[in-house]
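Residue numbers (the UniProt record's numbering): 1 to 520. Every residue, glycine too, gets a C-beta built ideally from N, C-alpha and C. The block underneath contains the structure these notes are about, expressed in structure tokens.
Right, dumping it as structure tokens:
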């Protein structure tokens, strides 16, 4: 009798419309609560739409249609709900054993009664995890659908383009999973539900043998469990998860742990030998062109979508200059030993660039600003994001109030953040809120590049490798260590004059580093 209207949900404050990518169900199909019915595409993300009720689906919009937020996409007729749910039950009970039908009916009646009496349903939604993060991807579930969960118990692991973090339970009860592993959800979307007050005892009578077996299997993993990605990697390497130390919460084995684990040499060899006689030619064919496919990690997919979004949503432009690094190198060589002895940290190039950038940002504040709707927001502080490459992908931790830090404080903070990034322990608070980014492709040998802006920031500085080149100084040709610098910026915010002048100011400060010490 009741008809539920399914409308396009809000998927982010800057997204006003979505396109129907594909329907997973047909018009007239019976759908269950929280079953995925179609995929929706926005300019920033792809996400799945789930059924809000059980019943018969009636599709109102077709694949390829573009709809505004709040538009009707489908309806669900729940009038046949009771009949559809009741019909299979008697048939299934009569078929196996007609004589003993009354006994199973009684045991099945007890289980629903217990679950129905559990009370309210608590919806858990994707939390806000940073001002520039609009979506997350479910990397792995630590709990299964139907498991009993306690308050603050870890339910799943979520990934954004900047960090990986864990989602704790917000209630005590039985877990009902809505989002599947690999799903990308917008901030505020329902990720799971908890039947408050439900206990593990309610589900036990209906399927006693299965839970017992599952309990025995999981017993060894109460202290140390494995994420699905890590499990796959370990299986390919032939490594028993029990032999791997996990770095995640409660000893959970993460992807990085699996990648670092050494493979057993004896396991793969015997498997390959029996197959050798049957197909020797194929394995050793001289002109054969091999090919393999690997599924992109959820983090890599998220990074890819965001980078494409930045390119399409900003008027990005890059300006270049070159810096004679000899003055900085001379200063480093002169004081690096005494610097390390006093501050217990090395004197690197990055601290010079951070200091030069903070000074230049004061001179050209528009480079430190960003667009918010129809307003331009200026920051009177410099939170400098430093791009760091890790086995999981690129992360961008932030040095807070870098304008107030000394060279030694900057170097210590860089080391601290780099170590935490490498170990996968960066928190979201350490990766959100930057106002300007520095990336150093020179560590990998890059001579020149056009870095992509780290949204919602307006500019990013790209460092490159230092190469000795012949240059003219005071009318003479000399050999100097030269670095090319690249400043990518959003032309909607920053004019060409400001961008070029900012980069020239950075060059000036690096070529005469005493200016940094004297604040000139």
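Sub-8 Å separation of residue i and residue j beta-carbons
{"i": "residue 125", "j": "residue 175", "result": "no"}
{"i": "residue 378", "j": "residue 401", "result": "no"}
{"i": "residue 323", "j": "residue 502", "result": "no"}
{"i": "residue 393", "j": "residue 292", "result": "no"}
{"i": "residue 72", "j": "residue 7", "result": "yes"}
{"i": "residue 55", "j": "residue 27", "result": "no"}
{"i": "residue 185", "j": "residue 136", "result": "yes"}
{"i": "residue 487", "j": "residue 461", "result": "yes"}
{"i": "residue 307", "j": "residue 452", "result": "yes"}
{"i": "residue 37", "j": "residue 47", "result": "no"}
{"i": "residue 194", "j": "residue 141", "result": "no"}
{"i": "residue 442", "j": "residue 465", "result": "yes"}
{"i": "residue 230", "j": "residue 253", "result": "yes"}
{"i": "residue 529", "j": "residue 428", "result": "What the structure shows of the chain is the stretch from 1 to 520, and residue 529 is not part of that stretch, so it cannot be assessed."}
{"i": "residue 454", "j": "residue 424", "result": "no"}
{"i": "residue 500", "j": "residue 319", "result": "yes"}
Per-residue burial, residue i [other beta carbons within 10 Å of its own, 16 or more giving buried]
{"i": "residue 345", "result": "buried"}
{"i": "residue 458", "result": "buried"}
{"i": "residue 336", "result": "exposed"}
{"i": "residue 179", "result": "buried"}
{"i": "residue 430", "result": "buried"}
{"i": "residue 64", "result": "exposed"}
{"i": "residue 491", "result": "exposed"}
{"i": "residue 369", "result": "buried"}
{"i": "residue 478", "result": "exposed"}
{"i": "residue 358", "result": "buried"}
{"i": "residue 463", "result": "buried"}
{"i": "residue 2", "result": "exposed"}
{"i": "residue 484", "result": "buried"}
{"i": "residue 333", "result": "exposed"}
{"i": "residue 376", "result": "exposed"}
Below-8 Å beta-carbon distance, residue i vs any chain D residue
{"i": "residue 172", "result": "Here there is only one protein chain, and chain D is not present."}
Best match in the options for proximity to residue i [C-alpha to C-alpha]
{"i": "residue 50", "options": "292, 251, 189, 493", "result": "189"}
{"i": "residue 139", "options": "173, 149, 182, 172", "result": "182"}
{"i": "residue 5", "options": "146, 52, 17", "result": "52"}
{"i": "residue 297", "options": "360, 160, 334", "result": "160"}
{"i": "residue 62", "options": "41, 499, 29, 20", "result": "20"}
{"i": "residue 415", "options": "434, 427, 435, 386", "result": "386"}
{"i": "residue 259", "options": "475, 422, 518", "result": "422"}
{"i": "residue 313", "options": "67, 48, 493", "result": "493"}
{"i": "residue 325", "options": "32, 303, 511", "result": "511"}
{"i": "residue 157", "options": "226, 420, 286, 328", "result": "226"}
{"i": "residue 521", "options": "489, 187, 123, 483", "result": "This structure gives no information on residue 521, because the portion of the chain shown stretches from 1 to 520."}
{"i": "residue 384", "options": "390, 376, 398, 374", "result": "398"}
{"i": "residue 120", "options": "148, 70, 173, 128", "result": "173"}
{"i": "residue 262", "options": "247, 251, 238, 246", "result": "238"}
{"i": "residue 365", "options": "310, 148, 436, 342", "result": "436"}
Self-check item: At least 3 beta-carbon pairs within less than 8 Å: the stretch 341 to 360 vs the stretch 407 to 417
Solution: With the rule of 3 Cβ pairs closer than 8 Å, the stretch 341 to 360 counts as touching the stretch 407 to 417.
Practice problem: Flag this pair as touching only if the stretch 466 to 474 and the stretch 493 to 508 have three or more C-beta atom pairs under 8 Å; answer yes or no. | Solution: At 8 Å Cβ cutoff, the stretches do not touch.
Quiz prompt | beta strand (DSSP E) segments (min. 3 residues) lying fully within the stretch 461 to 515 | solution = Runs of the beta strand (DSSP E) inside the stretch 461 to 515: 466 to 473, 476 to 490.
Quiz prompt | Length-filtered (3 minimum) beta strand (DSSP E) runs lying within the stretch 402 to 455 | solution = DSSP runs (the beta strand (DSSP E)) wholly in the stretch 402 to 455: 436 to 440.
Exercise. Note down, one range per segment and in chain order, each beta strand (DSSP E) of at least 3 residues found wholly within the UniProt domain "Lipoyl-binding" (3 to 77).
Key: Fully enclosed beta strand (DSSP E) runs of 3 or longer: 3 to 7, 17 to 23, 36 to 41, 46 to 50, 55 to 59, 66 to 68, 72 to 77.
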